[in-house]
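Input: a single structure, listed below in structure tokens.
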Amino acid sequence: MQVSRIQFLFTFVVALTIALFLHNPVGAVQLNPTVLVDIRSINPRIALDIRYATTNNFVKQKLYPEARCILRAAAAQQLSQVQTALEAQGLGLKVYDCYRPLAIQRALWAIKPDDRFVANPAYGSRHNRGMAVDLTLVDRAGNELPMPTGFDDFSDRASRSYKNLPANVLKNRQTLEDAMVKAGFIPLSTEWWHFDAKGWQNYAIRDIPFSTIPSTALNNSTAK
Ligand SMILES: [Zn+2]
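In case it helps, my numbering puts the sequence shown at residues 1357 to 1580.
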């Protein structure tokens, strides 16, 4: 009797351990949605061309110390879903800009103090909240698909309502928009490349420098 009780208890403990493991296997990090994470730690297959880390941008100045796409975990995980969905169509994402610390927003404003081109740092940008992303589509070989304009082109042609474009360009713009909307992003009407993650209003403006944000998500699961 005593032996069978011990056996029962042992079987129960083993079953419970297996159940707990299946519920949260090793490596499946439960991220706080508000934490700022590097997209590479969430989905390294998303291509990067972080323009403000180069001089290839509309102010022709390097403003970011590092070419990294940092987002709130909530937005990063949604973006990873978009990448996975696009891969099934032989496509992928290439990101131009993600989180932008407020100090860099101020630097950008100092160069171009015009709210037609730059968000006034007094109010901040959705990029300052880590809940906005600028991006385009690439094919399997990493080539950018033709889009209405280049990144940060402030002409009418960049607007989503601009229709006087070749059929393949209209299709590419729509493919990107459909994939992003399906994962919960909101398109900006004036810029085909810009999307906000839903609920961006609930995330405060941040001024945390890139250098303090870990490149791996594993030790990054506490709220900021
Ligand atoms: Zn943007």
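Glycine residues also receive a C-beta, built at the ideal position from the N, C-alpha and C atoms. Note that the structure is predicted; figures quoted are calculated from it, not measured.
Asked, Found
"Where the beta strand (DSSP E) containing D1450 begins and where it ends", "Strictly speaking, residue 1450 in this sequence is Lys, with Asp absent from that position. That run of the beta strand (DSSP E) goes 1447-1453."
"For Q1530 and C1425, the rounded distance between their alpha carbons", "23 Å"
"Pick from Y1559, V1525, A1403 that is closest to V1451, judged by C-alpha positions", "A1403"
"Proximity to F1435 [Cα-Cα], best of V1393, R1462, S1567", "A small correction: the amino acid at residue 1435 is Leu; Phe does not occupy that position in the sequence shown. Of V1393, R1462, S1567, the residue nearest in Cα terms is V1393."
"Straight-line Cα distance separating T1440 from E1547", "24 Å"
"R1496, enclosing beta strand (DSSP E) - first and last residue", "Element bounds for R1496: n/a, residue is neither H nor E."
"Assigned exposure category for C1454 - 16 Cβ within 10 Å defines buried", "buried"
"First and last residue of the uninterrupted beta strand (DSSP E) at R1428", "1426-1428"
"Proximity test, E1422 beta-carbon vs ligand 1 heavy atom, cut-off 7 Å", "no"
"Simplified DSSP assignment, three categories, for D1534", "helix"
"Reduced DSSP secondary structure (H/G/I, E/B, other) of F1414", "coil"
"Backbone secondary structure at D1552 - three-state DSSP", "strand"
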